[in-house]
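Residue numbers (my numbering): 24 to 400.
Ideal Cβ positions, reconstructed from N, Cα and C, are used throughout, including at glycine.
One structure is given below, encoded as structure tokens.
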């Protein structure tokens with residue numbers, strides 16, 4: 024039996040690769056007759072670079088010293104092959120990099136991500152894919168833009184200092200773009216499955232701000248700042264953009280990329296599937312196993328497991344789903360996934376489950392492998 028393991032990350036506990044290896048170990052405990060292939064997945068968020076490099080060895084890694092969302096120096100990584108590059112926002116400004124008790128999104132900046140992007144752009148790339156999922160920021164991309172030479176001024180004409188964050192958005196009274204943004208000849212593709220506009224109750228701040236460390240007062244400050252920033256940006260470019268789908272992605276990074284760099288927004292999981300040629304792999308296997316931390320009704324909206332399962336369905340390949348937990352409405356996913364399992368074998372709290380996630384994955388793999396072995400005996 025040929026099995027494809029195509030898991031996304033189990034956030035906070037296992038990367039996509041770690042989860043996939045643990046599942047493989049469990050399956051192999053049940054039978055030596057499985058021919059297992061691993062394709063760690065990403066929908067454009069955390070793990071994008073690992074997903075690409077694991078599936079296609081042609082990608083080379085490049086590194087540049089940058090700052091994270093709170094100004095600490097780190098190594099930013101990117102992938103390149105000929106004139107194409109891939110960068111991942113979560114590598115520099117990722118929510119997973121910041122302990123929950125230290126998240127203060129008012130002061131989180133995308134400046135370091137701008138430093139990484141600038142390095143890649145200056146290498147003379149024809150195409151840059153940008154995965155923007157899993158961010159810790161909500162600054163509308165102001166920090167990112169400052170790293171690219173865009174200058175923002177307050178009402179007194181004073182320059183807003185670099186590494187600006189969400190708290191500075193309300194100070195903007197005017198802006199000045201840089202020639203780099205006007206003369207680049209690079210095709211910039213944003214990988215994102217978030218449909219939120221920039222502003223309002225369904226926008227970047229009110230939907231994602233709390234998980235990044237914002238309280239009720241912070242949310243009001245950020246939303247007013249985002250309104251101010253978008254107003255001046257739209258006036259500068261002479262067109263309305265804040266209402267468009269995807270502008271609220273990654274704390275407004277979708278808006279910054281579209282407005283200042285004319286970036287196209289593509290489906291994250293669809294693009295990844297295409298880039299790693301997953302269709303060719305799926306046609307050769309008998310079973311596909313997908314999964315991530317939570318499977319629920321929202322998984323249908325651009326999440327990796329359903330994206331892979333939908334592709335598998337076009338070739339009549341059966342699909343099993345694995346999740347840390349099966350949430351509200353997960354039954355609706357049976358349209359794409361024939362059977363779903365939770366890692367949790369007994370009552371336990373979230374901390375315990377996350378701490379022991381890899382061992383739980385091995386145990387579950389052993390049990391699923393036992394069922395599958397019945398078919399090949």
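C-alpha gap between residue 314 and residue 197, whole angstroms: 46 Å
Secondary structure of residue 210, DSSP reduced to three states: The DSSP-derived three-state label of residue 210 is strand.
Endpoints, alpha helix (DSSP H) assigned at residue 200: No alpha helix (DSSP H) contains residue 200, which DSSP labels as neither H nor E.
Where the beta strand (DSSP E) containing residue 62 begins and where it ends: Neither: residue 62 is in no beta strand (DSSP E) and is coded neither H nor E.
Residue 142, buried or exposed, once every other Cβ within 10 Å from all chains shown has been counted against 16: buried
Every unbroken alpha helix (DSSP H) within the segment 42 to 128, with a cutoff of 4 residues, ordered by chain: 71 to 78, 112 to 116
Close Cβ partners of residue 137 (< 7 Å) along its chain, the five nearest in sequence each way excluded: 166, 167, 168, 169, 170, 171
Other residues of its chain near residue 201: CB distance less than 7 Å, five sequence neighbours each side excluded: 171, 172, 173
Classification of residue 282 by the beta-carbon crowding that lies within 10 angstroms, buried from 16 upward: Buried is the call here.
Cβ neighbours of residue 44 in the same chain (closer than 8 Å, five flanking residues each side left out): 61
Own chain residues within Cβ distance below 6 Å of residue 67, not counting five before or after: 154, 156, 214, 215, 291
Identity of the residue in 228, 247, 347 nearest residue 317 by Cα: 347
Whole-angstrom distance between residue 162 and residue 115, CA atom to CA atom: 15 Å
Check whether residue 305 and residue 335 have beta carbons under 7 Å apart: In contact: residue 305 and residue 335 (Cβ atoms closer than 7 Å).
Nearest-angstrom Cβ-Cβ length linking residue 311 and residue 355, presumed shorter than 8 Å: Rounded, the Cβ-Cβ distance is 19 Å, inconsistent with contact.
Alpha helix (DSSP H) segment containing residue 276, residue limits: 276 to 284
Nearest-angstrom beta carbon gap, residue 381 and residue 145 [assumed within contact, 8 Å]: Between residue 381 and residue 145 the Cβ distance is about 40 Å, and since that is not below 8 Å, they are no contact.
DSSP beta-bridge partners of residue 152: 109, 212
Three-way DSSP call (helix, strand, coil) for residue 404 in this model: Only positions 24 to 400 of the chain appear in this structure, which leaves residue 404 out of reach.
Proximity to residue 130 [Cα-Cα], best of 319, 93, 307: Closest by alpha carbon: 93.
Reduced DSSP category for residue 266 - H, G, I as helix; E, B as strand; rest coil: coil
For residue 266 and residue 321, the rounded distance between their alpha carbons: 22 Å
Cβ-Cβ separation, residue 132 to residue 462 (assumed contact under 8 Å), whole Å: In the structure as shown, the chain starts at 24 and stops at 400, and residue 462 therefore has no counterpart that could be examined.
Alpha carbon of residue 385 to alpha carbon of residue 25, nearest angstrom: 19 Å
Residue 235 to residue 159 span [Cα, whole Å]: Going from the Cα of residue 235 to the Cα of residue 159 covers about 6 Å.
Three-state secondary structure assigned by DSSP to residue 260: helix
Selected residue, minimal CA-CA separation from residue 344, among 331, 337, 338: 331
DSSP state of residue 291 mapped onto helix, strand, coil: helix
Alpha helix (DSSP H) segment containing residue 332, residue limits: Annotation: the continuous alpha helix (DSSP H) that includes residue 332 extends over 327 to 337.
First and last residue of the uninterrupted beta strand (DSSP E) at residue 28: Per DSSP, the unbroken beta strand (DSSP E) holding residue 28 starts and ends at 25 to 30.
Closest by C-alpha distance to residue 221, when choosing among 360, 54, 51, 252: 252
Segment contact flag, the segment 72 to 85 with the segment 98 to 118, C-beta cutoff 8 Å, min 3 pairs: Flag = yes, the segment 72 to 85 and the segment 98 to 118 touch.
First through last residue of the beta strand (DSSP E) which encompasses residue 195: Note, residue 195: premise wrong, no beta strand (DSSP E); not H, not E.
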